[in-house]
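>
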Amino acid sequence: MSLSPDSYLTLEYEKVITELGQADPPITAWCLAAPFQFDPCKRAEKTGNTAYASYEIPNGQHGTSMLRPGLTPLPMQLILDFLDETLE
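Be aware that the sequence shown starts at 931, since it is given in this note's numbering, and climbs by one per residue.
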């Protein structure tokens, strides 16, 4: 689960998502971001990771500031859905 992701130091976000997708089985990775930070999420969609999903949060903010009520989709619900899917 990534909130407002991007590359960090020597870690390239798309490369990490690609590597997660190459695991057997692919490792689930989700991206949540506000429109002004959604580009890394869109780029990661092209990695071929079948377990990757991205969600653009209109009116969202950066990182944990996105975790507030009244947004659609609701980031907290997406986090619960992610945990439900990955902890089966």
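Backbone N, C-alpha and C fix where the C-beta goes; we use that ideal spot for every residue, glycine too.
Might you give, ordered along the chain, the residues of its own chain that have their beta carbon closer than 8 angstroms to the beta carbon of residue 1015, omitting 5 neighbours on each side?
Within the sequence shown, residue 1015 is the residue found at index 85, counting from 1. Contacts found: 958.
> Would you call the CB atoms of residue 944 and residue 980 closer than 8 angstroms?
Start at 1 with the first residue of the sequence shown, and residue 944 comes out as number 14. Start at 1 with the first residue of the sequence shown, and residue 980 comes out as number 50. No, they are not a contact pair.
> Do the stretch 953-969 and the stretch 990-1010 meet, that is, are 3 or more Cβ pairs less than 8 angstroms apart?
Contact holds: three or more Cβ-Cβ distances are below 8 angstroms.
> Does the distance from the CB of residue 937 to the CB of residue 961 come in under 8 angstroms?
Indexing the sequence shown from 1 puts residue 937 at position 7. Indexing the sequence shown from 1 puts residue 961 at position 31. For residue 937 and residue 961, no; Cβs fall outside 8 angstroms.
> Pick helix, strand or coil for residue 934, following the three-state DSSP scheme.
Here residue 934 refers to the residue found at position 4 of the sequence shown. The answer is coil: DSSP assigns residue 934 none of H, G, I, E or B.
> Leaving out the 5 sequence neighbours to the left and right, which residues in its chain are closer than 6 angstroms to residue 1012 when beta-carbon positions are compared?
By one-based count along the sequence shown, residue 1012 stands at place 82. Contacts found: 931, 960.
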